[in-house]
Amino acid sequence: MELSLDSKIKLNNGVEMPIIGLGTWNLQGNECVQATSWALEAGYRL
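Each residue of the sequence shown is one higher than the last, beginning at 17 in my numbering.
The structure is reproduced here in structure tokens:
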């Protein structure tokens with residue numbers, strides 16, 4: 017599957033959800049908490 021900024025997946029209820037990645041899969045310890053906190057403070061929403 018080729019992904020772009022407009023890539024979406026359709027859920028079972030028919031709602032389309034953007035396919036995104038936070039890049040947190042390989043973080044260690046508190047790094048994930050800190051990165052997620054910064055993203056939320058900057059206005060990032062899931």
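Backbone N, C-alpha and C define an ideal beta-carbon position, used for all residues, glycine too.
Original post:
Could you give the residue range of the alpha helix (DSSP H) that holds Glu-47?
Top reply: Its alpha helix (DSSP H) spans residues 47-57.
Original post:
Under 8 Å between the Cβ atoms of Lys-26 and Glu-32?
Top reply: Against a cut-off of 8 Å, the Cβ pair of Glu-32 and Lys-26 comes out as a contact.
Original post:
Going by alpha carbons, who is nearest to Asp-22 out of Pro-34, Trp-41, Ala-55 and Gly-39?
Top reply: It is Pro-34 whose Cα lies nearest to the Cα of Asp-22.
Subject >> Helix, strand or coil at Glu-18 [DSSP, three-state] >> reply: Coil, per DSSP.
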